[in-house]
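Undergrad: My questions will all concern the structure given below.
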Amino acid sequence: VEKDVSGLIDRLVQDQVKELLPEHVKPELIEELERHKRELADVERDLHNSESRRINAQIRTSGLGDQLAVVLRHDGTKSPHFPKDLQSLLGMDDRTVKALMHEYRLVNASESRERNVNCLMQHFGISYQLVRSPVVSPRARIHHQS
Numbered sequence: 006v007e008k009d010v011s012g013l014i015d016r017l018v019q020d021q022v023k024e025l026l027p028e029h030v031k032p033e034l035i036e037e038l039e040r041h042k043r044e045l046a047d048v049e050r051d052l053h054n055s056e057s058r059r060i061n062a063q064i065r066t067s068g069l070g071d072q073l074a075v076v077l078r079h080d081g082t083k084s085p086h087f088p089k090d091l092q093s094l095l096g097m098d099d100r101t102v103k104a105l106m107h108e109y110r111l112v113n114a115s116e117s118r119e120r121n122v123n124c125l126m127q128h129f130g131i132s133y134q135l136v137r138s139p140v141v142s143p144r145a146r147i148h149h150q151s
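The sequence shown begins at 6 in the numbering used here and counts up by one.
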């Protein structure tokens with residue numbers, strides 16, 4: 006009961022502040038505050054993604070099942086298609102790969118699934134690339150990118 010009352014009071018105070026604040030603060034300041042909040046959210050997302058890419062760069066071919074650190078989309082959310090590990094990314098079908106590229110605003114989608122997977126791996130900070138070697142095998146193989 007105490008928790009419910011406390012939550013109700015919090016909501017009422019929030020509503021009152023939201024209603025009365027514009028009367029006491031210039032609209033320009035409120036707009037500036039909102040702009041700064043958006044900028045801060047962008048910086049936090051970029052910092053998170055930078056750290057995720059650093060972690061993902063440490064994954065080795067012996068760790069195809071190691072969990073990928075999540076790289077957030079431009080809106081700050083995780084894609085429902087984000088692969089749990091490198092093996093999942095390598096196993097994605099072409100349609101899912103292209104959908105993931107679209108979600109991350111990677112506009113250079115190719116007709117080649119391998120190129121698209123390489124683009125995603127680079128965006129996620131994974132330091133490997135798929136290379137097709139038709140002489141040895143018609144299947145793509147993964148190589149470390151220097």
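From the three backbone atoms N, C-alpha and C, an ideal C-beta is built for every residue, glycine too.
(1) Please classify Gly68 as buried or exposed, where buried requires at least 16 neighbouring CB atoms within 10 angstroms.
(2) Alpha carbon to alpha carbon, what distance is there between Val75 and Gly130?
(3) Measure the Cβ-Cβ separation of Glu108 and Arg78 and say whether it is below 8 Å.
(4) For Glu24 and Val30, what's the separation of their Cα atoms in angstroms?
(5) Under the three-state reduction of DSSP, which class applies to Val30: helix, strand or coil?
(6) How about Leu95 and Val136: are their beta carbons less than 8 Å apart?
(7) Would you mind giving the Cβ-Cβ distance between Asn61 and Leu52, rounded to the nearest angstrom? I have them listed as a contact below 8 Å.
(8) The alpha helix (DSSP H) with Thr101 in it runs from where to where?
(9) Are the stretch 100–107 and the stretch 81–89 touching by the rule of at least three beta carbon pairs closer than 8 Å?
(10) Where are the beta strand (DSSP E) runs, 3 residues long or more, that stay fully inside the stretch 42–115, in chain order?
TA: By the coordinates alone:
(1) exposed
(2) 10 Å
(3) yes
(4) 11 Å
(5) coil
(6) no
(7) Contact doesn't hold; Cβ gap of about 15 Å is too wide.
(8) 99–108
(9) yes
(10) none
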